[in-house]
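Asks:
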Amino acid sequence: LSIFGNRQQRKILVVHDVPNARIGFKQGACS
Amino acid sequence: ARNINQHIQTVSVDQLRPPRECTAGKGLQGKTTLKLVDRHGPCAPFHQKTGSADDGKRDSEELLRQDQQRVDWIHSRTASLPLSPKKNIEDLLLPEATTQVPAQTGSSLGSGNFIVDVGLGTPKQAFNLVFDTGSDLSWVQCDPCLISCYQQQGPRFSPSASSTYRNVPCSAAECAEAKLESGLNGCSTSGCIYGITYGDNSLSVGFLSQDTLTITPNDVVPGFTFGCGHRNQGLFGMTGGMFGLGRSKLSVPSQTANKFGGVFAYCLPTASVPGSLAFGPDSSYSSAQFTPLLTGSQPFYYLTITGISVGGQLLPVSSSIFTTSGTIIDSGTVITRLPPTAYSALRSAFRTFMAKYPLSQPSLILDTCYDLSNYTTVQYPLIEFHFQGGTNVLLDFYNIFFVPSSSQACLAFAPTSSDSS
Numbered sequence: 016l017s018i019f020g021n022r023q024q025r026k027i028l029v030v031h032d033v034p035n036a037r038i039g040f041k042q043g044a045c046s
Numbered sequence: 061a062r063n064i065n066q067h068i069q070t071v072s073v074d075q076l077r078p079p080r081e082c083t084a085g086k087g088l089q090g091k092t093t094l095k096l097v098d099r100h101g102p103c104a105p106f107h108q109k110t111g112s113a114d115d116g117k118r119d120s121e122e123l124l125r126q127d128q129q130r131v132d133w134i135h136s137r138t139a140s141l142p143l144s145p146k147k148n149i150e151d152l153l154l155p156e157a158t159t160q161v162p163a164q165t166g167s168s169l170g171s172g173n174f175i176v177d178v179g180l181g182t183p184k185q186a187f188n189l190v191f192d193t194g195s196d197l198s199w200v201q202c203d204p205c206l207i208s209c210y211q212q213q214g215p216r217f218s219p220s221a222s223s224t225y226r227n228v229p230c231s232a233a234e235c236a237e238a239k240l241e242s243g244l245n246g247c248s249t250s251g252c253i254y255g256i257t258y259g260d261n262s263l264s265v266g267f268l269s270q271d272t273l274t275i276t277p278n279d280v281v282p283g284f285t286f287g288c289g290h291r292n293q294g295l296f297g298m299t300g301g302m303f304g305l306g307r308s309k310l311s312v313p314s315q316t317a318n319k320f321g322g323v324f325a326y327c328l329p330t331a332s333v334p335g336s337l338a339f340g341p342d343s344s345y346s347s348a349q350f351t352p353l354l355t356g357s358q359p360f361y362y363l364t365i366t367g368i369s370v371g372g373q374l375l376p377v378s379s380s381i382f383t384t385s386g387t388i389i390d391s392g393t394v395i396t397r398l399p400p401t402a403y404s405a406l407r408s409a410f411r412t413f414m415a416k417y418p419l420s421q422p423s424l425i426l427d428t429c430y431d432l433s434n435y436t437t438v439q440y441p442l443i444e445f446h447f448q449g450g451t452n453v454l455l456d457f458y459n460i461f462f463v464p465s466s467s468q469a470c471l472a473f474a475p476t477s478s479d480s481s
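Structure follows, in structure tokens:
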């Protein structure tokens, strides 16, 4: 099992949209 | 950081080092937003400044050890391995059970990297809880502490001081759900007993309970189901317990789905700048890049990596390497774990770009570390992750490096044990 860890998520907006079964990433949204 | 070209950047070595001060951050917009802070950084409410560089190195090594325990725990959950201890859950609340489940020194869930401040009860009692997308049931340390509790900042939750508290009866659907999620539960005359063990003998056992959850002053959730822990062991730091953001029915997103639509977003903090956790959809999310969340694969959030680029060059790794065993995104695991074949290609490409810097001793699970003591800046390749659906996530220096000591910087990735496990 690969794991995308929290060091790699820092300062990146991570959206958990469970009803629509999708995970979003947005750079520049976490100033 | 100063642009050299599109894929190679330069950063001051000072910027890599752990910060000593907390600075203000810009939180996510939206009505229901909580501040997230790094438990180990200067923004944590119970942060203790380390005295020397050696202290910092020891802390880093401990964090990496706990991170590996976290990975082992995740694997045990995905493999449905039997959880220890194999004991009757009711017995864990008996005084004679005191020595049955010793907390191991240096062992913990390892998820305690970020904390949020929420309230429980009426009137509200406030707690710093561990923010964890890999956990489902939220729990707090409760009074009375029947067997053992760890030290936390501030008082434990007092059920008797809340006018809206109630124990969940054994016949309730939530009790059956807690058993599904934790594999352990029982029944007493006082109600449903839950038990969560984390594979390393850290645990929380107590009564499954309901009370009002206060996320923000304007966002209260009556009848929120959580664990009222009367026996809590392990190294959960000074936190009051767990805030579970996993996928099951008892997780915070599921229990608040009527109010927030099952959507949450976060900006994870750096050590020196707080991040934020927001509930509910927001129009600003429409410009995010989305990748499919694999359904029917609880308890974790599964997605699909299709490739990785280093310095703008796609690694020669088949996408099947990533899909064979699958990938989860987890807030509690620090270091990204990759199949050995993918990690080897990443390491090789990264080392090629960093060839002018001297390698130093490995730091536990991190085998690509550099001695930067004679440098004021370091030039590094950007790393980009490619996910199913054409979603690309570009990583910068704060995503790429882990800094165990003031002169050492390591590639913050590690291999799993096998490509096919």
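Quick mapping for you: the protein sequence lines, in order, are chains A and B. 46 is the number that the working numbering gives the last residue of the first sequence; the numbers go up by one with no jumps. 481 is the number that the working numbering gives the last residue of the second sequence; the numbers go up by one with no jumps. A virtual CB, placed ideally from N, CA and C, is assigned to each residue, including glycine. Owing to the predicted nature of the structure, the values given are computational and were not obtained by experimental measurement.
Are B:F38 and B:N227 touching if we call contact CB-CB under 8 Å?
Replies: Limits of chain B in this structure are 61 at one end and 481 at the other, which puts residue 38 of chain B out of reach.
Asks: Please report how far the alpha carbon of B:I388 lies from the alpha carbon of B:E444, in whole angstroms.
Replies: Indexing the second sequence from 1 puts residue 388 of chain B at position 328. Indexing the second sequence from 1 puts residue 444 of chain B at position 384. Approximately 17 Å between the Cα atoms of the pair.
Asks: At what residues does the beta strand (DSSP E) containing B:D279 begin and finish?
Replies: What you label residue 279 of chain B is simply residue 219 of the second sequence in a count that begins at 1. It spans 279-293 - the beta strand (DSSP E) in which B:D279 sits, taken as one unbroken run.
Asks: Chain A partners of B:Y326, CB-CB under 7 Å?
Replies: Within the second sequence, residue 326 of chain B is the residue found at index 266, counting from 1. Those within 7 Å of B:Y326 in chain A are V29.
Asks: Can you find a CB in chain A that lies within less than 8 Å of the CB of B:V281?
Replies: Working through the second sequence from its first residue, we reach residue 281 of chain B at position 221. Answer no: the Cβ-Cβ gap between B:V281 and chain A never drops below 8 Å.
Asks: Which residue wins for smallest C-alpha separation from B:D342, given the options A:S17, A:R22, A:V30, A:Q24?
Replies: Locating residue 342 of chain B in the second sequence gives position 282, counting from the first residue. Here the closest residue by C-alpha is A:V30.
Asks: DSSP beta-bridge partners for B:D127?
Replies: Along the second sequence, read from residue 1 onward, the residue named residue 127 of chain B stands at position 67. Per DSSP, B:D127 has no beta-bridge partner at all.
Asks: Can you list the alpha helix (DSSP H) stretches of 4 or more residues lying completely in the region 430-472 of chain B, in chain order?
Replies: 457-460
Asks: What beta strand (DSSP E) runs, 3 residues minimum, are completely inside the region 320-376 of chain B?
Replies: 323-327, 335-339, 349-352, 361-363, 365-370
Asks: Which one of B:I381, B:A238, B:L124 has the shortest CA to CA distance from B:C470?
Replies: Residue 470 of chain B sits at position 410 when you count from the first residue of the second sequence. Of the candidates B:I381, B:A238, B:L124, the one whose C-alpha sits nearest the C-alpha of B:C470 is B:L124.
Asks: If you reduce the DSSP assignment to three classes, tell me which class B:K239 lands in.
Replies: Reading the second sequence from its first residue, position 179 is the one you call residue 239 of chain B. Taken through DSSP and simplified to helix, strand or coil, B:K239 comes out as helix.
Asks: Look at the alpha carbon of B:S332 and the alpha carbon of B:H100, and state the distance between them as a whole number of angstroms.
Replies: For the purposes of this step, residue 332 of chain B is identified with residue 272 of the second sequence, where counting begins at 1. For the purposes of this step, residue 100 of chain B is identified with residue 40 of the second sequence, where counting begins at 1. Roughly 10 Å separates the two Cα atoms.
Asks: Just checking, does the region 21-28 of chain A make contact with the region 431-438 of chain B on the three C-beta pairs under 8 Å criterion?
Replies: Per the Cβ contact rule, the region 21-28 of chain A is not in contact with the region 431-438 of chain B (fewer than 3 Cβ pairs under 8 Å).
Asks: Closest to B:Q89 by C-alpha separation, out of B:S269, B:Y345, B:P418, would be which residue?
Replies: Mapped onto the second sequence, residue 89 of chain B falls at position 29. Taking only the C-alpha atoms, the option nearest B:Q89 is B:Y345.
Asks: Spatial neighbours of B:P102 within its chain, please: C-beta separation below 8 Å, excluding the five flanking residues on both sides.
Replies: Translated into positions along the second sequence, residue 102 of chain B becomes position 42. These residues qualify, in order along the chain: P79, R80, E81, C82, K109, A331, S332.
Asks: With a threshold of 16 other CB atoms inside 10 Å of the CB of B:L353, please say whether the residue is buried or exposed.
Replies: On the second sequence, position 293 is the one that residue 353 of chain B refers to. Label assigned to B:L353: buried.
Asks: Take B:S218 and list the residues in its own chain whose beta-carbon comes closer than 6 Å to its own, dropping the five residues that flank it on each side.
Replies: Within the second sequence, the letter at position 158 stands for residue 218 of chain B. Once the five neighbours on either side are set aside, the close Cβ partners of B:S218 are D203.
Asks: Three or more C-beta pairs under 8 Å: does that hold for the region 68-78 of chain B against the region 455-473 of chain B?
Replies: yes
Asks: In this structure, how does DSSP classify B:L76 when only helix, strand and coil are distinguished?
Replies: If you number the second sequence from 1, residue 76 of chain B lands on position 16. Here B:L76 sits in helix by DSSP.
Asks: Which of the three DSSP states is assigned to B:F296 in this structure?
Replies: The sequence position of residue 296 of chain B within the second sequence is 236, counting from 1. Residue state, collapsed to three classes: coil.
Asks: Can you find a C-beta in chain A that's less than 8 Å from the C-beta of B:K86?
Replies: Counted from its first residue, the second sequence places residue 86 of chain B at position 26. Yes, B:K86 counts as interfacial toward chain A.
Asks: Drop a sphere of 10 angstroms on the beta-carbon of B:L375, count the other beta-carbons inside from all chains shown, and report buried for 16 or more, exposed for fewer.
Replies: By 1-based counting over the second sequence, the position of residue 375 of chain B is 315. Note on B:L375: 16 or more other CB atoms within 10 angstroms of its CB, so buried under the neighbour-count rule.
Asks: Could you please give the first and the last residue of the uninterrupted alpha helix (DSSP H) stretch that includes B:V312?
Replies: Position 252 of the second sequence, counting from 1, holds the residue named residue 312 of chain B. That run of the alpha helix (DSSP H) goes 312-315.
Asks: Using the C-alpha atoms, what's the distance from B:L197 back to B:A61?
Replies: In the second sequence, counting from the first residue as 1, residue 61 of chain B sits at position 1. In the second sequence, counting from the first residue as 1, residue 197 of chain B sits at position 137. The predicted model places B:A61 with a pLDDT of 46, which falls under 50 and marks its position as unreliable; any figure quoted below should be read in that light. If I take the Cα positions, the gap works out to 41 Å.
Asks: Compute the distance between the beta-carbons of B:C247 and B:I253, then report whether it is under 8 Å.
Replies: On the second sequence, residue 247 of chain B is found 187 positions in, with the first residue counted as 1. On the second sequence, residue 253 of chain B is found 193 positions in, with the first residue counted as 1. Yes, these two residues count as a Cβ contact at 8 Å.
Asks: What does DSSP give as the partner residues of B:K199 in its beta bridges?
Replies: Locating residue 199 of chain B in the second sequence gives position 139, counting from the first residue. The sequence given here has Trp at residue 199 of chain B, not Lys. Under DSSP, B:W199 shares a beta bridge with B:G287, B:M302.
Asks: Exposed or buried, what is B:N245 when buried is set at 16 or more other beta-carbons lying within 10 Å of its beta-carbon?
Replies: Taking the first residue of the second sequence as 1, we reach residue 245 of chain B at position 185. Looking at its Cβ environment, which holds 16 or more other Cβ atoms inside 10 Å, B:N245 is buried.
Asks: Closest by CA to B:S264, which one among B:A232, B:P313, B:V377, B:Y210?
Replies: Position 204 of the second sequence, counted from the start, is the residue given in the question as residue 264 of chain B. Among B:A232, B:P313, B:V377, B:Y210, the Cα nearest to that of B:S264 is on B:Y210.
Asks: Counting only beta-carbon atoms, is B:R226 nearer than 8 Å to chain A?
Replies: Locating residue 226 of chain B in the second sequence gives position 166, where the first residue counts as 1. No, its Cβ sits nowhere closer than 8 Å to a Cβ of chain A.
Asks: Output yes or no for whether 8 Å exceeds the beta carbon distance between B:F286 and B:V190.
Replies: The residue labelled residue 286 of chain B in the question sits at position 226 within the second sequence. The residue labelled residue 190 of chain B in the question sits at position 130 within the second sequence. For B:F286 and B:V190, no; Cβs fall outside 8 Å.
Asks: Measure the alpha-carbon distance for B:L328 versus B:C429 and round it to whole angstroms.
Replies: Taking the second sequence and counting its residues from 1, one reaches residue 328 of chain B at position 268. Taking the second sequence and counting its residues from 1, one reaches residue 429 of chain B at position 369. Taking the straight line joining both Cα atoms gives about 24 Å.
Asks: Are three or more beta carbon pairs between the region 385-404 of chain B and the region 358-369 of chain B nearer than 8 Å?
Replies: yes
Asks: Check for me: the beta strand (DSSP E) holding B:T383 runs from which residue to which?
Replies: Here residue 383 of chain B is taken as the residue at index 323 of the second sequence, counted from 1. Segment 380-383 is the alpha helix (DSSP H) holding B:T383; no beta strand (DSSP E) there.
Asks: Per DSSP, B:N227 is paired with what?
Replies: In the second sequence, the residue the question calls residue 227 of chain B occupies position 167. Looking at the DSSP output, B:N227 bridges to B:S269.
Asks: Flag B:F350 as yes if its beta-carbon sits less than 8 Å from any beta-carbon of chain A, otherwise no.
Replies: Position 290 of the second sequence, counted from the start, is the residue given in the question as residue 350 of chain B. Closer than 8 Å to some Cβ of chain A, the Cβ of B:F350 qualifies, so yes.
Asks: Run the CB neighbour count on B:T412, radius 10 Å, all protein chains shown included, and call it buried at 16 or more, exposed below.
Replies: Sequence index remark: in the second sequence, residue 412 of chain B carries index 352 (1-based). Exposed, because fewer than 16 other Cβ atoms sit within 10 Å of the Cβ of B:T412.
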